[in-house]
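A.B. asks: Following the UniProt record's numbering, the numbering of the sequence shown begins with 1 at its first residue and continues without gaps.
Glycine included, each C-beta is placed from N, C-alpha and C at the ideal position.
Owing to the predicted nature of the structure, the values given are computational and were not obtained by experimental measurement.
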Amino acid sequence: MIQGFHEDEQQLQQQNQAIQWQQPPPEFMKCNVDASFYDTAEATGWEWCLRDYQGRFILAGSNLVHTKLNTLEGEAMGIKEAIEEIMQRGLSYVIFESDSKVVVDAIHSRQDGLSEFSILIFHIKNLLML
Numbered sequence: 001m002i003q004g005f006h007e008d009e010q011q012l013q014q015q016n017q018a019i020q021w022q023q024p025p026p027e028f029m030k031c032n033v034d035a036s037f038y039d040t041a042e043a044t045g046w047e048w049c050l051r052d053y054q055g056r057f058i059l060a061g062s063n064l065v066h067t068k069l070n071t072l073e074g075e076a077m078g079i080k081e082a083i084e085e086i087m088q089r090g091l092s093y094v095i096f097e098s099d100s101k102v103v104v105d106a107i108h109s110r111q112d113g114l115s116e117f118s119i120l121i122f123h124i125k126n127l128l129m130l
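(1) For Q54, which option in L120, L64, C31 has the closest C-alpha, if you only look at C-alpha atoms?
(2) So does the segment 62-70 actually touch the segment 101-114, counting three or more Cβ pairs closer than 8 Å?
(3) Suppose contacts are defined by Cβ-Cβ distances below 8 Å. Is M129 in contact with L91 by that definition?
(4) In the DSSP assignment, find the unbroken beta strand (DSSP E) run with T67 in it and report its ends.
(5) What is the DSSP secondary structure of Q11, reduced to helix, strand or coil?
(6) Rounded to whole angstroms, what is the Cα-Cα separation between Q88 and T40?
(7) Looking at the structure shown, is S62 part of a helix, part of a strand, or coil, going by DSSP?
(8) Is DSSP giving A43 helix, strand or coil here?
(9) Check whether the Cβ atoms of G74 and E47 sit closer than 8 Å, and answer yes or no.
(10) Closest to F37 by C-alpha separation, out of G113, I121, K68, would be which residue?
(11) Quick one, are the C-beta atoms of K80 and H123 less than 8 Å apart?
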């Protein structure tokens, strides 16, 4: 029983090591963005954190709306808000990181759409001048 617990703990440590924050190049900062969803409250939240290349905290933000957005919309809202806040402060050379490959691919895509998600992506692209 104790041996099994130790193995599980070791697996968790290995998983945590694989998910460690990767520092950006020295001249850049990195902004990590994530969304959270609350079924019972019918709410969506997003959080973001900006750090320098040494991992030192620079700025962070969070928001909660009492609307149930889908995963893509929640993640895109977090990215959009982070970009707006960072730009308002005149900061540049920022790498944005999200765990949503679909959102990241949509931002880099040349295609546009008419959905709520596509409109958010359009606004993000305009902010980034892509």
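C.D. replies: So, from the data block:
(1) Comparing alpha carbon positions, the residue from L120, L64, C31 closest to Q54 is C31.
(2) With the cut-off at 8 Å, the segment 62-70 and the segment 101-114 do not touch.
(3) If you check the CB distance, M129 and L91 do not come in under 8 Å.
(4) Careful: T67 lies outside any beta strand (DSSP E) and carries neither H nor E.
(5) Caution is warranted here: a pLDDT of 46 is assigned to Q11, below 50, making its placement in the model unreliable, and the coordinate value is therefore given only provisionally. The answer is helix: DSSP assigns Q11 an H, G or I state.
(6) Roughly 34 Å separates the two Cα atoms.
(7) It is a strand residue.
(8) Strand, per DSSP.
(9) Not a contact, by the Cβ cut-off of 8 Å.
(10) If you compare the alpha carbons of G113, I121, K68 with that of F37, the shortest gap goes to K68.
(11) Yes, the Cβ-Cβ distance between K80 and H123 is below 8 Å.
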